[in-house]
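To keep things clear, I will list the structure first and then write my remarks on it.
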Amino acid sequence: MSLRTAESEVRAPRPSGAWSGFRDRLVTAGRGTEAVRIRELLGSGPSRRLLDVGGRTGAFTTRFAPPEAGVTVLEPEGDIVRAAERRHPEIRFVTGHGEKLPFPDATFDRVTAIRSTHHMEAPEQFFREALRVLTPGGRLVVEELAPSSGLAKLFSRLMRRRHHHRPMDFRGPPDWVRGVTDAAFELVTSDDGARWFFVTGRKPAPTAPA
86 MSLRTAESEV RAPRPSGAWS GFRDRLVTAG RGTEAVRIRE LLGSGPSRRL
136 LDVGGRTGAF TTRFAPPEAG VTVLEPEGDI VRAAERRHPE IRFVTGHGEK
186 LPFPDATFDR VTAIRSTHHM EAPEQFFREA LRVLTPGGRL VVEELAPSSG
236 LAKLFSRLMR RRHHHRPMDF RGPPDWVRGV TDAAFELVTS DDGARWFFVT
286 GRKPAPTAPA
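Under the working numbering, the first residue of the sequence shown carries the number 86, and numbering increases by one thereafter.
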């Protein structure tokens, strides 16, 4: 989809449900390779409880979540949550923000944030919250668009035009690696690409008493 075509879609009046459907098509089209890579990064072993932060309607979540996993999607926009519950009854949807996850400690085995941290006002706080709600040994997988990519520039322009959005916080892999490491994750790695990149980390297991 070209920038001009996308901008014309945004300028045209449309109900929120139609905009949500258009945006889902925009952000899921041609992303099979990403879904496969996310499944690889989630890893084998216990993954019965997965939290996808900023997963919108769950349209892309369903493409990478392990089939046996109980999936929860956290989304800040209540109207999107209500529409998503009708589309994907197999997913639990919760309204909330990544910087203050509305879940008890050690609730999930995996936490993902797929192209959503750039929307957050305090992503470093989200990393700390992700650590809190993960079980020991649980994994965090973050995917973001490369700041210099055309897609990052496209989304920034679209959101400003439609929502008068504040500037999106697109950062490169070193910044997210630092943030995840500072949140006390271990085995933090980055998987860089020209258009997007991944950062992963694992919650340490409790230290056995001496």
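All residues carry an ideal CB built from backbone N, CA and C; glycine is no exception.
| Check | Outcome |
| --- | --- |
| Going by DSSP, what residue range makes up the beta strand (DSSP E) through Asp-137? | 134-138 |
| Excluding five sequence neighbours on each side, which residues of the same chain lie with their C-beta closer than 8 Å to the C-beta of Ala-150? | Leu-135, Asp-137 and Val-156 |
| Which whole-angstrom value is the C-beta distance of Val-227 and Ala-198, which I expect to be below 8 Å? | 5 Å |
| Grab me the residues of Asp-277's own chain with a C-beta within less than 7 Å of its C-beta, minus the 5 sequence neighbours each way, in chain order. | Pro-258 |
| Considering only the beta carbon of each residue, do Ile-165 and Thr-142 sit closer than 8 Å? | yes |
| Specify whether the segment 219-226 and the segment 165-177 touch according to this definition: at least 3 beta carbon pairs, one from each stretch, less than 8 Å apart. | no |
| List in chain order: all unbroken alpha helix (DSSP H) runs of 4+ residues lying wholly within the segment 173-221. | 208-218 |
| Where does Ile-143 fall in DSSP's three states? | The sequence given here places Gly at residue 143; Ile does not occur at that position. In the structure shown, Gly-143 sits in coil (DSSP, three-state: anything other than H, G, I, E or B). |
| Would you give the residue range spanned by the beta strand (DSSP E) that Arg-153 belongs to? | Sequence inspection shows Glu at residue 153; the Arg mentioned does not correspond to that position. Note, Glu-153: premise wrong, no beta strand (DSSP E); not H, not E. |
| Assign Thr-113 to one of three DSSP states: helix, strand, or coil. | helix |
| Given that a residue counts as buried once 16 or more other Cβ atoms are within 10 Å of its Cβ, and exposed if not, what is His-249? | Interpretation of His-249 is limited by its pLDDT of 49, a score under 50 that renders its predicted location unreliable; no figure is taken from the coordinates. |
| Taking only three categories from DSSP, how would you classify Thr-118? | helix |
| Relative to the C-alpha of Trp-261, which residue among Ala-279, Arg-148 and Gly-286 is closest? | Gly-286 |
| Name the residue from Gly-128, Ala-290, Pro-221 and His-182 whose alpha carbon lies nearest to the alpha carbon of Gly-163. | His-182 |
| So Phe-193 and Thr-220 are in contact, right, with Cβ under 8 Å, and what is the actual spacing, rounded? | 7 Å |
| What three-state label does DSSP hand Glu-162 in the structure shown? | coil |
| Within 10 angstroms of its Cβ, does Glu-206 collect 16 or more other Cβ (buried), or is it exposed? | exposed |
| Which of the three DSSP states, helix, strand or coil, is assigned to Thr-292? | coil |
| Taking the C-alpha atoms as reference points, what is the distance between Leu-186 and Phe-270? | 17 Å |
| Am I right that Arg-200 and Ala-231 are in contact with their C-beta atoms under 8 Å? What's the rounded C-beta distance? | Wrong, their Cβ atoms sit about 11 Å apart, outside the cutoff. |
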